[in-house]
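Asker: Chains A, B, C and D supply the protein sequences, listed in that same order.
Sequential numbering of the first sequence, starting at 1, is according to this note's numbering.
Sequential numbering of the second sequence, starting at 1001, is according to this note's numbering.
Sequential numbering of the third sequence, starting at 2001, is according to this note's numbering.
Sequential numbering of the fourth sequence, starting at 3001, is according to this note's numbering.
Just so you know, even glycine gets a beta-carbon here, dropped at the ideal spot from N, CA and C.
Protein chains: 4
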Amino acid sequence: MSLFADLLSTIFDRRAGAAPRLRRDPRALPELVTELLEARSETVAATLARHVLQRYDGMSGEEKLAAFHGLAALNVDAEAVRGALAAYEVEPSGRSYRAFMAAAEPPRAELLRRLNMVPGATERLVRMRADLLRQGRGEPELEALDEDFRHLFKSWFNRGFLVLRPISWESPAHVLEKIIAYEAVHAIQSWDDLRRRLAPPDRRCFAFFHPAMPDEPLIFVEVALTRGVPGSIQALLEEERVPLEERSADTAVFYSISNCQPGLAGISFGNSLIKQVASDLASTLPGLKTFVTLSPIPGLVGWLEEQGVSYDPADGKRMTQLAAHYLLTAKRGDGRPRDPVARFHLGNGALVHAVHAGAIPRRTACGSRAGRWSTTSTIWRRWSNITTALPRAAR
Amino acid sequence: MSLFADLLSTIFDRRAGAAPRLRRDPRALPELVTELLEARSETVAATLARHVLQRYDGMSGEEKLAAFHGLAALNVDAEAVRGALAAYEVEPSGRSYRAFMAAAEPPRAELLRRLNMVPGATERLVRMRADLLRQGRGEPELEALDEDFRHLFKSWFNRGFLVLRPISWESPAHVLEKIIAYEAVHAIQSWDDLRRRLAPPDRRCFAFFHPAMPDEPLIFVEVALTRGVPGSIQALLEEERVPLEERSADTAVFYSISNCQPGLAGISFGNSLIKQVASDLASTLPGLKTFVTLSPIPGLVGWLEEQGVSYDPADGKRMTQLAAHYLLTAKRGDGRPRDPVARFHLGNGALVHAVHAGAIPRRTACGSRAGRWSTTSTIWRRWSNITTALPRAAR
Amino acid sequence: MSLFADLLSTIFDRRAGAAPRLRRDPRALPELVTELLEARSETVAATLARHVLQRYDGMSGEEKLAAFHGLAALNVDAEAVRGALAAYEVEPSGRSYRAFMAAAEPPRAELLRRLNMVPGATERLVRMRADLLRQGRGEPELEALDEDFRHLFKSWFNRGFLVLRPISWESPAHVLEKIIAYEAVHAIQSWDDLRRRLAPPDRRCFAFFHPAMPDEPLIFVEVALTRGVPGSIQALLEEERVPLEERSADTAVFYSISNCQPGLAGISFGNSLIKQVASDLASTLPGLKTFVTLSPIPGLVGWLEEQGVSYDPADGKRMTQLAAHYLLTAKRGDGRPRDPVARFHLGNGALVHAVHAGAIPRRTACGSRAGRWSTTSTIWRRWSNITTALPRAAR
Amino acid sequence: MSLFADLLSTIFDRRAGAAPRLRRDPRALPELVTELLEARSETVAATLARHVLQRYDGMSGEEKLAAFHGLAALNVDAEAVRGALAAYEVEPSGRSYRAFMAAAEPPRAELLRRLNMVPGATERLVRMRADLLRQGRGEPELEALDEDFRHLFKSWFNRGFLVLRPISWESPAHVLEKIIAYEAVHAIQSWDDLRRRLAPPDRRCFAFFHPAMPDEPLIFVEVALTRGVPGSIQALLEEERVPLEERSADTAVFYSISNCQPGLAGISFGNSLIKQVASDLASTLPGLKTFVTLSPIPGLVGWLEEQGVSYDPADGKRMTQLAAHYLLTAKRGDGRPRDPVARFHLGNGALVHAVHAGAIPRRTACGSRAGRWSTTSTIWRRWSNITTALPRAAR
């Protein structure tokens, strides 16, 4: 009954005003995992889950990799799936269906759900997947494990569970420092720079949070309220500018959107965030008539090369025409736009409004962040912008 | 683009200070469902989900039953499962595994997740399952659908996402009136009765909530702080009693625990709730040395009959001995206690402390609730109590 | 240094999770009061203040009366005032002015401020004045003491410190039960009656709170949203009525306003409350065009008697005409309306809109509350209503 | 009725989602002030108060000075005081006492209370007094006005109305930037410096707030949790240090306390703050046994000079002895310690624990702040420290 004793010791510890500590369980990790998967009492399971997570946190990168391979081995049993499926076909019932479901889901999926019983575990599991993506890159045997993470997180981080919160100069500093760290598009240089993006009456920022990770933004978008659609990002971020009174604004520019959690890669929040922010802004500030994004065109240079055209920043006019052509006509095999940013916005009901040459500065500022996520680092090699408009007239 | 227009109209409506309304979409429900399952844009999907939920809410009981049969038909395709499984076996990869997972999960499961994109949908889906359990009782074709609900809710209502909140006389009235309505063990007769259970310094109540349903308790437990273990529930609920000063208490009696959501049947919260409440109380009131429950013994009468003994309330002493014998020795095939309440508490580390004859009054007060959930209605046919103790000494 | 020890013992007690207790100080109350008035250390003063308040709370009505006379004796010293005033006239400076101020304020005023150092003291001082008003009625020597209370409370409960909060069915039960208890105009019969006034979409309630007494409403107003100006209060309070959708309302009827704190008699909150509620409602529900009160006419019957007219409820038409005449033409010596309710509303910019015979039911329901405050009990002897309108057109 | 129209226009403005604006009232300020003092309707008074405050905010320094002289002229009328006092002596009653109180208080005091009816006015009035202290320095005619401000603020900022809040790295950035700005003892160099003082587990910070100025700390104290009493402030503020686990600490060092509001000069919060923080820490962390301050000895150098001793930083030992002698034996005329810091701490029950030579660094860091308040700028010319201990054993 040592686990029960452990559990109760946490009660004692917490009374002393501190986070509970666990005495190290002498058993090996696989043994703990097996016991956790078999535990019928929630209380016992919760204590085992704490042990497993604590063990994981103390591991080196290599040990984690080994643990991931151990997890990957808790795979579906194909024979069992076939058997349960056949039984369900012969006699479909709740019971036979449940048996099939149990067989079709690998034990590691149930394990992840059980680990989440521990307070604060959701954030730790998201970091665990970030470890997996980093440590396990290029190891095909770990891909299925990652799929289980992704599938679980897609369910847990369902839109219905996300909470939209404004981020302002009145937000807690420990959240704001994460905004500084996570801004992936136009790096925030300092707390003064941050204040310039949050405090003026013509600036807004919103983030999605999950209630189980209240200190960790999942994604955030920065918005500038303007009169008319601006031609470049530089004007928006200038240090010495006179802020607009919010009631005079007719346009909301979504000039930067950043994912914060590498461990949530592949789970898309951007569309929902833009939609809800646009909706909230429109209801608070009825003077807003136009909602635009200022976005890079990441696929342009590659496409130009394929066309045998070399990119010439000096020839802004021709580049702009080519960019417009590319955006509107270049398609993937499935008929959707070839450019990923165009796909995101146009697939969501937006229209191409204008193409600006040189509207996003060279990548200097963001150098330090480059390569953090391979999927976004390419964005910074581009030279021009798409302005996608959600014109109110069309509604 | 009518859905997009719909979406934007909601923005407009909300500005007018009201809940958004949807114009009725002329298409039939199955068509909407199909489109929702195929929608690639989150924005479009969210609007379709609102239509589907609104359509459902307007249905009669019969129409709902028909809709459930429609949902049930969105079943797994056994051939596809076998094919995807074989492909994964031949060439295991993230892609082939994902294809297998997609095949092994029926489309209705994904549908439920997509419906949850709508604000407030979680609560509506929980009610939908309550409808299913009521309307669909005895229809075996609907059992698998219910399994999908249960599996999804088990993931969504994972312990890690639940929030413990004290319920007190300072809690919002709209939550308190649900406590009155949901109390399943010792009915609360009036607001005055409720105040007697919440306001005195020697009374506590705690509930689990889910952040997406902040107005709906999932389960709650009522606790009395006492000196010594009380012999009956009546003494605890007396109208005219002098409350104990909380610092004088040495015992916490968990005298009632009630599930609130029929739609969450089969998802167990009780163990976690008792564990965390005991832990919190111990840390706040170090004088508490004993944690007990006062619970009925639902399986006793049936077991007595099997033994050829007829239940005789007049012979308290013998009944008590038989009850103790039953609790400690009668086992199921799997070696665990036969009595469900004993199974719950003893499996969780508790010890039998005492058996009291007549400690829970006859079922009169609870008559109106009888039959609400078949699983608990039997509890009220019993006559005596088990006191299970979580003795601190054992820690 | 026993007071210091006391102080530190409170630290110890609080750690034990309980409200701090004071060991009884053996000195007599006047001695404690004197020491409190002379204490230079805030820490010492705070502990003395706790002793004084605790001593007061344990007193019988007679002892309290004696204590009030003791307080009253801490009066201004006329000679000292004259001396300090003369000194200030001779040599006006900050120092001489401060000396004058100190002389012109009786020590009991400073005492009340020092008592307020104790957490929760504000509410206790308000109750102390309620005791004074009740126990000290008819004792002229206590009137000056009451003036000091009133002057202090006028400063402390300044409009700038009050917080407007909506009261709804989601408000804490311990606040709602005070709403039930304090409703002085149209008694609330039960929690169901309360729910009918708070929960429907066409009902609102707002109260002023002071941050130092967050559980105690100071005054609250009940509002019905209607189409058109209603003719009687009965229609508003009917049990079986179909609520209006809030967006359809064009009129806000302030049908009841109640002061909650007898200890704050003479400090007027009603005007500010109505003004701010009207302002908030107008901004949330732009469809509201008319703001009216349904008020009794307390002075009518007395005035009729003076005119030699006896009140005849059967002759509604004539009574209505006379009431209108009375409201618009009967003045006090200072030229303001003779009727107190008319004075309140008309002085605040309202117009008489209509006079309804029999719009407020006989006093039966409120009988139990009658006489709680002599100033309002007379209201209930009247038979008809004034509807005062704040027409938007006039703005 | 233009004021009433103004009032209602604010309703309209607020609906547009913006702070209300006032059309400029054409009357001169004195006329507005007179009308405000005479207004019988709260609604009218509130609008006039907004006009007066808005007018003030737009003034230059010189105009403000003139306005202060105007305010100062709203003085007590000595003849009226004498008359009312005599009347009260002849026939003491509530009415005659109220008349005396009204006469003894200058109209400007009532004016300040009426200005506070405007939302957010408290903070503006505190700034107004800060203006008065700065602009009016050396003008004796303004001293009495300042006394009225002080007297009013002493009542409004009574201990019973203050709220203690922890300041942490999770506090809102707009409050934290004020902590950076207001730190008067050991300047905070940057946000990183601030994080070092707030985020580690062995650091604490607490501030008093007033509910009517929730964004403005009034005073704050910084605390370090240590093992044993540290010998110097430098060790506490080192950049590269390993934080102590909070449960290992046995000592709480109050190493810096800063007043934030120049407009609240002369209203003392420090004692109450230290007392309550010590109390809260002791109850949260029972391991804490010693509570000390590290304070400068501002009066030492002056006293040495009077003794004919010149201060010699090289001779630490002798300076320390002299300092101890000075602290314990040098008294003012009233028998209390001559050193102001010693007076503060010893008067509050503390004991001198040790004298450290060179424990507070030279004033370089704080240079930029020097002279902000003349009362504290001298602190920085001193060289050594007093450690005052509140030993738990003595309780």
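1. Can you tell me the Cα-Cα spacing of Leu1037(B) and Pro1106(B), whole angstroms?
2. Closest Cβ-Cβ distance between Ser2295(C) and chain B: below 8 Å?
3. Taking a cut of 9 Å between CB atoms, which residues from the stretch 1172-1204 of chain B lie near chain C?
4. Any idea what DSSP makes of Asp2148(C), helix, strand or coil?
5. Can you give the beta carbon distance from Ala2084(C) to Ala2099(C), rounded, assuming they're within the 8 Å contact cut?
6. Using beta carbons (cut-off 8 Å, strictly below), is Tyr56(A) in contact with chain B?
7. Using a Cβ distance threshold of 8 Å, determine whether the stretch 3212-3230 of chain D contacts the stretch 3246-3262 of chain D, with at least three qualifying pairs required.
8. Output needed for Asp146(A): all residues of its chain with C-beta closer than 8 Å, excluding positions within five of it in sequence on either side, in chain order.
9. Any Cβ of chain B within less than 8 Å of the Cβ of Thr122(A)?
10. Buried or exposed: where does Val1163(B) fall if 16 or more other Cβ atoms within 10 Å of its Cβ makes it buried?
11. For the stretch 3151-3162 of chain D, list every residue whose C-beta sits within 9 Å of some C-beta in chain C, in sequence order.
12. Can you find at least 3 beta carbon pairs, one from the stretch 174-183 of chain A and one from the stretch 203-217 of chain A, that sit closer than 8 Å?
13. With a threshold of 8 Å between beta carbons, is Glu3216(D) in contact with chain A?
14. Excluding the 5 residues flanking Leu1237(B) on each side, which residues of the same chain have their C-beta closer than 7 Å to its C-beta?
15. From the DSSP secondary-structure annotation, give me the bridge partner or partners of Thr226(A).
16. Does the Cβ-Cβ distance between Ala45(A) and Met117(A) come in under 8 Å?
17. For Arg1127(B), list the residues DSSP reports as bridge partners.
18. Could you list which residues in chain A have their beta carbon closer than 7 Å to that of Val1081(B), in chain order?
19. Count the CB pairs spanning the stretch 199-210 of chain A and the stretch 166-181 of chain A that are closer than 8 Å, and state whether there are at least three.
20. Is DSSP giving Phe269(A) helix, strand or coil here?
21. Report the option in Leu115(A), Asn158(A) and Arg108(A) whose CA atom is closest to the CA atom of Asp148(A).
22. Between Leu3304(D), Phe3157(D) and Pro3230(D), which lies nearest to Arg2114(C) when the distance is taken from Cα to Cα?
23. Would you mind sorting Thr47(A) into buried or exposed? The rule is 16 or more other CB atoms within 10 Å of its CB.
24. Which residues, taken in chain order from the stretch 2252-2265 of chain C, show a beta carbon closer than 9 Å to some beta carbon of chain D?
25. Assuming Pro3340(D) contacts Gly3308(D) (C-beta within less than 8 Å), just tell me the rounded distance between them.
26. Taking only beta carbons into account, state which residues of the stretch 1219-1241 of chain B come closer than 9 Å to chain C, listed in chain order.
27. For Glu1170(B) and chain C, any beta-carbon pair shorter than 8 Å?
28. Closest Cβ-Cβ distance between Gly3094(D) and chain C: below 8 Å?
29. Is the stretch 1282-1293 of chain B close to the stretch 1240-1249 of chain B, with three or more CB pairs under 8 Å?
30. Looking at the unbroken alpha helix (DSSP H) that takes in Ser3096(D), where does it start and where does it end?
31. For Val3242(D), which three-state DSSP category applies?
32. Let me see if you follow: with CB-CB separation under 8 Å, is Asp3077(D) close to chain C or not?
33. Name the chain C residues that come within less than 7 Å of Lys3275(D), Cβ to Cβ?
34. So Gly2094(C) and Glu3143(D) are in contact, right, with Cβ under 8 Å, and what is the actual spacing, rounded?
35. Can you pull the chain D neighbours of Asp2146(C), defined as C-beta to C-beta under 7 Å?
36. Would you kindly work out how many angstroms separate the C-alpha atoms of Glu1306(B) and Leu1351(B), rounded to a whole number?
Answerer: Concretely, from the data shown:
1. 11 Å
2. no
3. Pro1172, Ala1173, His1174, Val1175, Leu1176, Glu1177, Ser1190, Trp1191, Leu1194, Arg1195, Leu1198 and Ala1199
4. helix
5. Right, their Cβ atoms sit about 5 Å apart.
6. With 8 Å as the cut-off, Tyr56(A) does not count as an interface residue toward chain B.
7. Segments in contact, yes.
8. Arg129, Leu132, Leu133 and Gly136
9. Chain B has a Cβ within less than 8 Å of the Cβ of Thr122(A).
10. Under this definition Val1163(B) is an exposed residue.
11. His3151, Leu3152, Lys3154, Ser3155, Trp3156, Asn3158, Arg3159, Gly3160 and Phe3161
12. yes
13. No, no contact with chain A.
14. His1186
15. According to DSSP, Thr226(A) shares a beta bridge with Thr251(A).
16. yes
17. Answer by DSSP bridge pairing: none, since Arg1127(B) is not bridged.
18. Chain A residues near Val1081(B): Leu85.
19. yes
20. coil
21. Arg108(A)
22. Nearest option by C-alpha distance: Phe3157(D).
23. buried
24. If the cut-off is 9 Å between Cβ atoms, the stretch 2252-2265 of chain C has nothing near chain D.
25. Gly3308(D) and Pro3340(D) do not touch by the CB rule: their CB atoms are close to 22 Å apart, not below 8 Å.
26. none
27. yes
28. yes
29. yes
30. From DSSP, the alpha helix (DSSP H) with Ser3096(D) extends over Gly3094 to Ala3104.
31. coil
32. The Cβ of Asp3077(D) sits no closer than 8 Å to any Cβ of chain C.
33. Thr2043
34. Glu3143(D) and Gly2094(C) do touch by the CB rule: their CB atoms are close to 3 Å apart, below 8 Å.
35. Contact of Asp2146(C) with chain D by beta-carbon distance below 7 Å involves Gly3094.
36. Note on geometry: alpha-carbon atoms of Glu1306(B) and Leu1351(B) lie some 25 Å from one another.
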